[in-house]
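Below is one structure, written out as structure tokens; the observations come after it.
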Amino acid sequence: MDIDVLSDAFLLHLRTERRLSGNTVESYGFDMRRFSSFVSSSEIPLNEFSRSHFLSFLSSLREEGLSARSAARHVSTVRSFFKYLVREGILPASPISEAKGPRTGRPLPRYLTLSEVEHLLSAPDGETPEGMRDKAMLELMYASGLRASEVVTLRLENVEANAGFLRVLGKGGKERVVPVAQPALDTLQEYLTRGRPLFLKKKGAGNVLFLSRLGRPITRQTLWNRIGRWAKAAGIRDRVSPHTLRHSFAGHLLAGGADLRAVQAMLGHADISTTQIYTHVTAERLREIHRKHHPRG
1220 MDIDVLSDAF LLHLRTERRL SGNTVESYGF DMRRFSSFVS SSEIPLNEFS RSHFLSFLSS
1280 LREEGLSARS AARHVSTVRS FFKYLVREGI LPASPISEAK GPRTGRPLPR YLTLSEVEHL
1340 LSAPDGETPE GMRDKAMLEL MYASGLRASE VVTLRLENVE ANAGFLRVLG KGGKERVVPV
1400 AQPALDTLQE YLTRGRPLFL KKKGAGNVLF LSRLGRPITR QTLWNRIGRW AKAAGIRDRV
1460 SPHTLRHSFA GHLLAGGADL RAVQAMLGHA DISTTQIYTH VTAERLREIH RKHHPRG
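Residue numbers (our numbering): 1220 to 1516.
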């Protein structure tokens, strides 16, 4: 059983039968080359490959300095490879079906600095209908921590401007009340007065708050694209998504001393543990400040 021949057959299967993209197959190929090298250098016949050999492979990845996430990707590739060999009748069973890969942990969400937020919110042109709309969306997302799906489904009747809050329909159809800061309400009122009426070209939009140029409800994809465009215009190098603004909302509240339970309610999290990840973010930020500014940091 030549590992290189079988590896090539596996990659061909991914490309022609599973029709994976070229980039995805290339990633599989990168992982397989490392695995093939390990098998060849260890002189292990593939039909004798065992769980202990697999653990040795994991150790070799750690010794090479791979992150847990990168190692986990390699493990996933090797699992798929052995499943392929079993399906093709080359091996009777996968030797690593019960073996566990490295724990990757939960990634800490990235949030914007206050300066980045200011640059992002001021990026749209407030004199054009689209600019007014985009500015209102950005302000609302940062002011209230809304999900992308919540932004695009907001309706006019969800806005309680006089009381200063939104009624949001979140995951599982659960409604929650979220406060809105006055700057966001002012920007929203500007859009409702001067921007939105110019989008009302076609019937069928109903009372949906944010509309496209064609008068249709704005889509999540459009929302993502618009945020990316303004982030680039604001000079923010990292990728910015709707969830980045949601992370920023939560992180900045907690950094300012907000109660964790209150932030949980505003985000619409069913479980407090989901919200607690933001406390790790603020702690990491404090460590970063300490390292940067303390004489012994």
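C-beta atoms are modelled at their ideal positions from N, C-alpha and C, and glycine is treated no differently.
For Glu1307, there is no enclosing beta strand (DSSP E), as DSSP marks it with neither H nor E.
A contact between stretches requires three or more CB pairs, one per stretch, nearer than 8 Å, and the stretch 1356 to 1363 meets this requirement with the stretch 1389 to 1403. DSSP places Pro1402 within a helical segment (H, G or I) once states are collapsed to three. Using a Cβ-Cβ distance cut-off of 8 Å, the stretch 1365 to 1381 and the stretch 1347 to 1354 are not in contact, since fewer than three pairs of beta carbons, one from each stretch, lie closer than that value.
In the DSSP assignment, Val1427 falls outside any beta strand (DSSP E) and carries neither an H nor an E. With fewer than 16 other beta carbons inside 10 angstroms of its own, Leu1231 counts as exposed. The three-state reading of DSSP puts Glu1376 in helix, counting H, G and I together.
Contact fails between the stretch 1331 to 1339 and the stretch 1427 to 1436, because fewer than three Cβ pairs, one in each stretch, are under 8 Å apart. Taking a 10 Å sphere around the C-beta of Ser1275, we find fewer than 16 other C-beta atoms and assign the residue as exposed. Counting only runs of at least 4 residues, the stretch 1467 to 1496 fully encloses the following alpha helix (DSSP H) elements, listed from N- to C-terminal order: 1479 to 1486. The DSSP-derived three-state label of Leu1230 is helix. Closest by C-alpha distance to Phe1273, out of His1293, Gly1284, Ser1289, Ala1287, is His1293. Distance from the Cα of Leu1411 is smallest, within the candidate group Ser1255, Phe1429, Phe1268, for Phe1429.
Taking 8 Å as the cut-off, the Cβ atoms of Glu1394 and Val1387 count as close. DSSP lists no bridge partner for Arg1448.
DSSP places Leu1340 outside any beta strand (DSSP E); the residue lies instead in the alpha helix (DSSP H), whose first and last residues are 1333 to 1340. In the three-state scheme derived from DSSP, where H, G and I count as helix and E and B as strand, Pro1436 is classed as strand.
Taking Leu1225 as reference, the option from Thr1347, Gly1308, Arg1456, Arg1448 with the minimal CA-CA separation is Gly1308. Taking a C-beta distance under 8 Å as the contact criterion, Pro1461 and Leu1473 do not qualify as a contact pair.
The continuous beta strand (DSSP E) containing Phe1384 extends over residues 1384 to 1388.
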